[in-house]
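Chains as they are written, first to last, in the numbering used here: chain E, 586 to 923; chain R, 586 to 923.
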C-alpha cells in the first residue's frame, strides 16, 4: 500500500501512515540506545546504496553518484511520503463525516552534510555549512515547481534521542501536500499580532531581546541567537534574521555566510558544554504558495533533547523546562557567574 | 524562584519554567538508557522519603505514611507546579504585548500503584487496578475544591523512553490553572461535530468501530479498546466508555470494575508482544469547571513509544506511523494471519 495521510477527527492531527516501514511487534527492536551499525550509505564509495542524488556540490568532474562530493542530497530510501502514487486514482480520497484520508503525496530527502563519517555540524568548517544552507535553498527552488506541494519542512535530527537512526551527520527535507497545522498556527499568531499592532511579531521580539540582552546567546551582523522567553526545552536557542523576511529561501548570499558563522559558533558551544547532546533543528518558514511577507518572519529552532516528552505534554500541550531561559543564555554566553 | 508559567507569543504554547530542577549543562546527565538507581522511595519502609501522603488505600490500621498500603498518592518531591506561591503577590502576573507569565499554581502528585518494586501495570491483579482507578477519582474530588485549578491531567509514563525516571510503577497527576490548549482543541472539535450533526463525535466513532470491527482490539460490556483510524504511534490504543459521559470522575463503580479488566487485558497483551515496551497513558477528560456533557466524552490513550518524535513532528505537528492501525489491531487481537 502507498503511504496515506489520515486526519484524526478528534484533534485535526494528521498522521502519515507509511506502510513500507515496520509492522509487526517483532519488527520494533527496542534498542535501548543504539544507532544502526554496518556499512554507512552516506560515506564515499557507498553512493550506490542510496537512490540517485538530486543535488551535489563540490565535485570537480561531472560524475553523478560518484565520490568527490562535499554536500549530497538523495531521496530517502525509506520515504514517509512519495511523489508518485500509482494507485492514487483508484484509491482517491476518503472523505466522510468521521474519517479523512488522502494519498501521502510528497518528497522525503536526506542532505548528507559531509563525506566524513565522524564529523558533526560543529566540526564542519564554515564554508561547509554555507554549502549546506545553499543546498537547502536549491531544494526549495526545485520543490516549489511541484504544484501539489504546500510546505517544505527542513530539519536535522542528531543523536538517538533526537531521532537519528543513522549516525553520519545529515539533515532531512520533507515536503507535504497540505499546510501543516503547526505552521498555520504560527502564521495565525503572527497575523493577529500584525493586525493588532501594525508590526511584525518577530521584529518586535528581536528588538526586545536586543534591548534587554538577558536571553541573547550570540549576535552577528545579520542574525540573533537567543533563548526564547518561553523555551520549551532547556537551552533551546532560536536563530532569527534581523532583516524581516518571511521565506527562508529568500536568504541572501551575505546572510548565508553570516548564518553559517553564528550557527557553527553556537553548535560548537553546545558540543563542548554537553557530553554528546541529542538535538533537533527545526526550520520555520512560509508555505510555498502565497505571500506571507506582511507578517511572517522565518527562523530556526535548536531544540536540545535533554528532557523527555511524555504523558503530561501529550495530554496538555504544555512543556516543562527545568532551566530558566535567562540562566541558559548566560551559561551559553560563558558569563563568569553562570 | 517559584515555578512560572510562560506563554510563547509565536504559538500560544505554555511552558512551566520550573527552576527548582536542573540548571547548568553539567546537571544534565545524558544517561543513554538508565533510570535512577539507589533506594526506591516508593517501596515499603521508605515512606519517609516522600512528602506526606494525600491518599492511601489498603491499610488495615490508621497509620499514615507507614507500611501496609496497597495504593499510595504523595506530592511529587520535585514538583513542576506548586499550590503555594509566597512571592506570587509580589511577582504578580506579567502581561505585556509580547510576554505573558503567571505563577505556576498547581498540584503535582505521584500515585504509587503497588508496594512491589518489580510489578508492572499488567502484572497487577484486577482489584489492584480497580484501586488505582478509585484513587484517581478520589483525587479528582479533592482537587476540584481548589478554585484556582482548571484541569487535572492524569498520565502514566513507563520506561525511560516513556519519560519515567523512577522504575517503580506509578501514575502522575498534574493540576494546572488554565485549560490547556490541547484540551480546548479537543473540546472545539467535539463541539463543532455536535453543532453540525447533533451527535457526539466519540459516540459516532464508537458506533463506526463496532460496525467495521477492523480496528477493535478488545470489547467489554462497558468499554471499547481500539486502534484509532489516525493512530499517531504504532499500536496506539484508545479505551473509551460506551456510555456517553464527559468527565472521567463520573465513572460508576461497575465501569471501574469493567475498565480495570479490559485495561489489564490489553496491557498484558502489550507486555507479552513486545520486549519491555515504553509507553504513555494519557487521560482525556473535561475541565474541572463547567458542563461539557453535551458534546465531550472522556477516554484514555495508550501510546507505545516505539518511534521518536523529532524535527519533522515539531515543525509540522504531523506524526509518522509505520504500522497501519488495522494491522496493529489484528496483531493485538491475535488474529492468526496478523
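Glycine residues also receive a C-beta, built at the ideal position from the N, C-alpha and C atoms. Predicted model only: the values in this text are computed from it and were never measured.
- Interface with chain E (9 Å Cβ-Cβ cutoff): residue 888 of chain R is included.
- Nearest C-alpha to residue 892 of chain R among R:819, R:779, R:879 and R:683: R:819.
- Here residue 700 of chain R really is in contact with residue 654 of chain R; their C-beta atoms are around 7 Å apart, less than 8 Å.
- Using a Cβ-Cβ cut-off of 9 Å, residue 723 of chain E is close to nothing in chain R; its nearest Cβ partner there is about 20 Å away.
- Contact between the region 818-833 of chain R and the region 845-861 of chain R is established, with three or more Cβ pairs separated by less than 8 Å.
- By the neighbour-count criterion, in which 16 or more other beta carbons inside 10 Å mark a residue as buried, residue 680 of chain R falls on the exposed side.
- Rounded to the nearest angstrom, the gap between the Cα atoms of residue 779 of chain R and residue 871 of chain R is 16 Å.
- From the beta-carbon of residue 599 of chain R, the residues of chain E found nearer than 7 Å are 903.
- The bridge partners DSSP lists for residue 801 of chain R are R:811.
- When CB distances to chain E are screened at a threshold of 9 Å, the residues of the region 745-758 of chain R falling below it are 745, 746, 747, 748, 749, 750, 756 and 757, in chain order.
- Sixteen is the threshold: since fewer than 16 other Cβ atoms of the shown chains lie within 10 Å of the Cβ of residue 702 of chain E, the residue is exposed.
- A direct Cα-to-Cα measurement between residue 869 of chain E and residue 765 of chain E gives close to 11 Å.
- Per DSSP, residue 879 of chain E lies in no alpha helix (DSSP H) segment and is marked neither H nor E.
- Linking residue 715 of chain E to residue 600 of chain E through their CA atoms gives a straight-line distance of about 33 Å.
- Chain R places a beta carbon closer than 9 Å to that of residue 900 of chain E, counting this residue as a contact.
- Residue 907 of chain R and residue 602 of chain E have their C-alpha atoms spaced approximately 6 Å apart.
- Within the region 656-707 of chain R, the runs of beta strand (DSSP E) that reach at least 3 residues and sit entirely inside it are, in chain order, 656-660, 685-688 and 692-697.
- About 5 Å separates the beta carbons of residue 659 of chain E and residue 638 of chain E, which is inside the 8 Å limit, making them a contact pair.
- By the Cβ-count criterion, residue 785 of chain E is buried, with 16 or more other Cβ atoms from all chains shown falling within 10 Å of its own Cβ.
- If you check the CB distance, residue 737 of chain R and residue 760 of chain R come in under 9 Å.
- Excluding residues up to 5 positions away in sequence, 736, 869 and 872 lie with their Cβ nearer than 8 Å to the Cβ of residue 768 of chain R in the same chain.
- Residue contact with chain E for residue 633 of chain R: absent (no Cβ-Cβ distance below 9 Å to any residue of chain E).
- No Cβ of chain R is located within less than 9 Å of the beta carbon of residue 849 of chain E.
- The C-alpha of residue 783 of chain R is placed about 39 Å away from the C-alpha of residue 755 of chain R.
- Distance from the CA of residue 746 of chain E to the CA of residue 866 of chain R, rounded to the nearest whole angstrom, comes to 20 Å.
- Taking 9 Å as the cut-off, the beta carbon of residue 695 of chain E is found no closer than this to the beta carbon of residue 733 of chain E.
- Chain order gives the chain R residues near residue 816 of chain E as 600, where near means a beta carbon separation below 7 Å.
- Annotated three-state conformation of residue 638 of chain E is coil, per DSSP.
- When DSSP states are grouped into helix, strand and coil, residue 740 of chain E belongs to the strand group.
- Of the residues E:887, E:588 and E:824, the one whose Cα lies closest to the Cα of residue 804 of chain E is E:824.
- Taking 9 Å as the threshold, the shortest C-beta distance from residue 613 of chain R to chain E falls below it.
- For a Cβ distance threshold of 9 Å, nothing in chain R lies close to residue 687 of chain E: the least Cβ distance comes to about 12 Å.
- For residue 763 of chain E, the CB contacts under 6 Å within the same chain, skipping 5 residues up- and downstream, are 735 in chain order.
- If you keep only unbroken beta strand (DSSP E) runs of at least 3 residues inside the region 821-903 of chain E, you get 822-826, 864-869 and 884-889.
- Cβ contact annotation for residue 704 of chain E (same chain, cutoff 8 Å, sequence separation greater than five): 698 and 754, in chain order.
- In the three-state scheme derived from DSSP, where H, G and I count as helix and E and B as strand, residue 906 of chain R is classed as strand.
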